[in-house]
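Take 314 as the starting number for the sequence shown in the working numbering and just add one per residue. Ideal placement from N, C-alpha and C gives every residue a C-beta, glycine not left out.
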Amino acid sequence: MKPILIFDIDGTLLDTLRLNMVTLLELVHELGFKNEDGHSILRYASHPGMQVMHEFGLEKPEEAYARWVQKVRAFPEQAQPYPGVVEMIKSLHTSGYRLAIVSSKRRQQYEIEFIRLALIDYFDVAVLADDCDKQKPDPAPLLRCCELLGVDVKDAVYLGDSILDRLAAEACGMPFIACVWKGFVEEGLEASKQIDSPQTILDMFK
Numbered sequence: 314m315k316p317i318l319i320f321d322i323d324g325t326l327l328d329t330l331r332l333n334m335v336t337l338l339e340l341v342h343e344l345g346f347k348n349e350d351g352h353s354i355l356r357y358a359s360h361p362g363m364q365v366m367h368e369f370g371l372e373k374p375e376e377a378y379a380r381w382v383q384k385v386r387a388f389p390e391q392a393q394p395y396p397g398v399v400e401m402i403k404s405l406h407t408s409g410y411r412l413a414i415v416s417s418k419r420r421q422q423y424e425i426e427f428i429r430l431a432l433i434d435y436f437d438v439a440v441l442a443d444d445c446d447k448q449k450p451d452p453a454p455l456l457r458c459c460e461l462l463g464v465d466v467k468d469a470v471y472l473g474d475s476i477l478d479r480l481a482a483e484a485c486g487m488p489f490i491a492c493v494w495k496g497f498v499e500e501g502l503e504a505s506k507q508i509d510s511p512q513t514i515l516d517m518f519k
């Protein structure tokens, strides 16, 4: 039986690093965190959006998050798939693989991006931040995804780019593949199985 392939979004399918970090830096400067710079802000690159707001100790994290989302939507450079990702998704789908999404992104933003890119119909299930009380590295989103798909965790593979992705997969016994085609390997992924291009995924899952 073909395994279910579950993908993270940011840093795995879509290049959102500059989009998210430039707008976050602008936001936190407006909120008074002037000590943050283009380098230090990168430590939040793989963290869920609302978690970032709480890490800054904001009194009104929901309001701050909404401002961040507005900045992201107004940013002139919108998120784009990494080279080869669209072809990978379409080829896997044509080959009969069931595809799913597990991400800490909010559903509204996910739908905006994936409808714009004409990718939303290739995925059977998407479990987003709105769907679970707990987020990665807790395995709850992956478990919920498998529940919706009607499969055991061992019949799925999670493909992501961060230590949070790896820890979530390990916590529920799901195989994990580190997608490192964004140009660097995050700390904590050194011992993971690493794939450096979407084409290699296609070669692996023929």
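So if DSSP puts D521 in a beta bridge, which residue, or which two residues, is it bridged to? The question about residue 521 has no answer here: the residues shown for the chain are numbered 314 through 519.
Which residues in the same chain have their Cβ closer than 7 angstroms to the Cβ of F436, if we skip the five residues on either side of it in sequence? If you number the sequence shown from 1, residue 436 lands on position 123. Cβ within range, chain order: L412, A413 and I414.
Kindly indicate the opening and closing residues of the alpha helix (DSSP H) around L502. As a working note, residue 502 is residue 189 in the sequence shown. Run containing L502: none; DSSP gives neither H nor E here.
Which first and last residues belong to the alpha helix (DSSP H) in which G473 is found? Position 160 of the sequence shown, counted from the first residue, corresponds to residue 473. Per DSSP, G473 belongs to no alpha helix (DSSP H); it is in the beta strand (DSSP E), A469 to G473.
Let me make sure I understand the geometry here. Which of Q512, E500 and K506 has the alpha-carbon closest to that of R356? Sequence index remark: in the sequence shown, residue 356 carries index 43 (1-based). Closest option to R356, Cα to Cα, is E500.
Please give the ranges of any alpha helix (DSSP H) in the segment 435-479, keeping only runs that are unbroken, at least 4 residues long and fully inside the region. 453-462
Determine the DSSP secondary structure at L337, reduced to helix, strand or coil. Position 24 of the sequence shown, counted from the first residue, corresponds to residue 337. L337 falls in the helix class under three-state DSSP.
Is the beta carbon of L472 closer than 8 angstroms to that of L525? Here the chain has residues from 314 to 519 only, and residue 525 is not among them.
Put L405 into one of helix, strand or coil per three-state DSSP. Counting from 1 along the sequence shown, the entry for residue 405 is found at position 92. In the structure shown, L405 sits in a helix (DSSP, three-state: H, G or I).
Give me, in chain order, the residues of the same chain whose beta-carbon lies closer than 7 angstroms to that of T329; leave out the 5 immediate sequence neighbours on both sides. Locating residue 329 in the sequence shown gives position 16, counting from the first residue. Contacts found: D323 and A392.
So, using beta-carbon positions, are D478 and K449 closer together than 8 angstroms? On the sequence shown, position 165 is the one that residue 478 refers to. On the sequence shown, position 136 is the one that residue 449 refers to. Yes, the Cβ-Cβ distance between D478 and K449 is below 8 angstroms.
Cβ shell of P454 (< 6 angstroms), same chain only, five flanking positions each side left out: Reading the sequence shown from its first residue, position 141 is the one you call residue 454. Hits under 6 angstroms: V415, V440 and C445.
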